[in-house]
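**Student:** Using my numbering, the first residue of the sequence shown is number 4, and each one after it goes up by one.
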Amino acid sequence: MIGLQRYYNILEDRHLLNVETEQLRKQNAELRRLLQVYIQVMCVICETQ
């Protein structure tokens with residue numbers, strides 16, 4: 004029974020890490036998008052000066 008509990012705990016930890024990884028991927032994608040917008044705006048500003 005102890006082995007099954009340990010296995011369950013490992014699976015639970017793995018699931019939580021997968022959830023966190025997915026959240027970080029989404030956050031990273033959003034930050035990349037914002038950076039692209041910022042770069043585009045800065046390029047437009049530089050071109051107009």
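We treat Cβ as the ideally placed atom computed from N, Cα and C, and that holds for glycine.
Could you have a look at residue 4 and say whether DSSP puts it in helix, strand or coil?
**Tutor:** Looking up residue 4 in the sequence shown gives position 1. The answer is coil: DSSP assigns residue 4 none of H, G, I, E or B.
**Student:** What does a CB cutoff of less than 8 Å around residue 34 pick up in its chain, not counting 5 residues either side in sequence?
**Tutor:** Position 31 of the sequence shown, counted from the start, is the residue given in the question as residue 34. Around residue 34: no qualifying Cβ.
**Student:** Could you have a look at residue 52 and say whether DSSP puts it in helix, strand or coil?
**Tutor:** Here residue 52 corresponds to residue number 49 of the sequence shown, with the count starting at 1. If DSSP states are grouped into helix, strand and coil, residue 52 belongs with coil.
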